[in-house]
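*Asks:*
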Amino acid sequence: MAARTLLFFGAALFAFAQTALAVEEERTVAHFTGISVSDGIVVHANTTANASADGTSSLVLSGAPDAVSGVRSHVDVWGTLILSRAPGASHSDVVATAVVSGPLTYAGATSRGNLTAYAVSGTVIVSSRSTMDVGKLDASRPTSIVASSESSLKVSSGHVPFLSVSCSALSSMALAGLQADSASIAVSAKSSVAGVALGSATVSVSSQSLLSMVATQSVGLSCTTSEVYISGGAAVTPYSNDRCTVDISSTQAAMPPPRRLDAATVFL
Numbered sequence: 425m426a427a428r429t430l431l432f433f434g435a436a437l438f439a440f441a442q443t444a445l446a447v448e449e450e451r452t453v454a455h456f457t458g459i460s461v462s463d464g465i466v467v468h469a470n471t472t473a474n475a476s477a478d479g480t481s482s483l484v485l486s487g488a489p490d491a492v493s494g495v496r497s498h499v500d501v502w503g504t505l506i507l508s509r510a511p512g513a514s515h516s517d518v519v520a521t522a523v524v525s526g527p528l529t530y531a532g533a534t535s536r537g538n539l540t541a542y543a544v545s546g547t548v549i550v551s552s553r554s555t556m557d558v559g560k561l562d563a564s565r566p567t568s569i570v571a572s573s574e575s576s577l578k579v580s581s582g583h584v585p586f587l588s589v590s591c592s593a594l595s596s597m598a599l600a601g602l603q604a605d606s607a608s609i610a611v612s613a614k615s616s617v618a619g620v621a622l623g624s625a626t627v628s629v630s631s632q633s634l635l636s637m638v639a640t641q642s643v644g645l646s647c648t649t650s651e652v653y654i655s656g657g658a659a660v661t662p663y664s665n666d667r668c669t670v671d672i673s674s675t676q677a678a679m680p681p682p683r684r685l686d687a688a689t690v691f692l
């Protein structure tokens, strides 16, 4: 009993010491408009009108000293802040807070990176077991969003004239609140896309995947061993249907909640 108590006390003391040793470091970096994060680093990107008044953006890192010192940060020629860990660096938790003057022109996360962005106006890519949460995706030009290799993307609101969507390899997208005039959507390899509202779209869904969407004008659909739910009253042209469940309704109520398909799912 005494040994167990001592072990518990030692673990608690170690955890307290780790917390007490946490530091904050403000990094001096060139002005950036986009962010790419990797290696398990967590980033919160906020927008404020005063962030870049002097031509720079702010970056603050917090975590254990050895973890913070092991984070590499630089801005590439396109103005993207790239955050990664140096070879052999500690993999303890690091949280980066970045402040920019407007929506991110690029948002990327790879290798277990985690990015939360208040607003984005350009390409979004999340890959290799990474996660991203975008508050608003607004753009005046065609925009691409990509999720691959067991990654997840959430977009809560916004509008783009044309949206290119690619979701593959056990990935998921939750796009409720995002609207586009037209789109090209590809979902494959046990992945899911849910919630996007469109005028017209060309859609490909395959390999035990799921798509649920709202479309009001027209949809061209190719589907293989998957599930597709379309509401909104669009005219749907089935280019191909191989062992798919396709549900077309004039109301949004027909859409099921998003879910990840199981490998054992049988399609009729």
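According to our numbering, the sequence shown is numbered sequentially starting from 425. All residues carry an ideal CB built from backbone N, CA and C; glycine is no exception. Since this is a predicted model, take the numbers as computed values, not measurements.
For the region 520–559, which segments carrying the alpha helix (DSSP H) assignment without a break, of at least 4 residues, lie completely within its bounds, in sequence order?
*Replies:* If we require 4 residues or more, the region 520–559 turns out to have no alpha helix (DSSP H) run fully inside it.
*Asks:* Helix, strand or coil: how does DSSP classify residue 585 here?
*Replies:* Note: residue 585 maps to strand in three-state DSSP.
*Asks:* Which runs of the beta strand (DSSP E) fall wholly inside the region 619–678 and span at least 3 residues, in chain order?
*Replies:* Segments of the beta strand (DSSP E) lying fully in the region 619–678: 634–648, 651–655, 659–666 and 669–672.
*Asks:* Determine whether the beta carbon atoms of residue 456 and residue 521 lie at a separation below 8 Å.
*Replies:* No, the Cβ-Cβ distance between residue 456 and residue 521 is not below 8 Å.
*Asks:* I need the boundaries of the alpha helix (DSSP H) containing residue 453, first residue and last residue.
*Replies:* Residue 453 -> no alpha helix (DSSP H), and no H or E assigned at all.
*Asks:* Taking three-plus beta-carbon pairs below 8 Å as touching, is the region 532–548 in contact with the region 556–564?
*Replies:* Yes: at least three Cβ pairs fall under 8 Å.
*Asks:* Could you tell me if residue 452 is buried or exposed, where buried requires 16 or more neighbouring beta carbons within 10 angstroms of its beta carbon?
*Replies:* By the neighbour-count rule (16 or more Cβ atoms within 10 Å), residue 452 is not buried but exposed.
*Asks:* Give me whichever residues DSSP pairs with residue 468 in a beta bridge.
*Replies:* 521 and 540, per the DSSP bridge assignment.
*Asks:* Using the three-state DSSP reduction, which class does residue 483 fall into: helix, strand or coil?
*Replies:* In the structure shown, residue 483 sits in a strand (DSSP, three-state: E or B).
*Asks:* What would DSSP say about residue 604, mapped onto helix, strand or coil?
*Replies:* Note: residue 604 maps to strand in three-state DSSP.
*Asks:* Cα-Cα, which of 519, 569 and 460 is closest to residue 586?
*Replies:* When only C-alpha atoms are compared, the closest one is 569.
*Asks:* Using the rule of at least 16 other Cβ atoms within 10 Å of the residue's Cβ for burial, across every protein chain shown, is residue 530 buried or exposed?
*Replies:* By the 10 Å Cβ count, residue 530 comes out buried.
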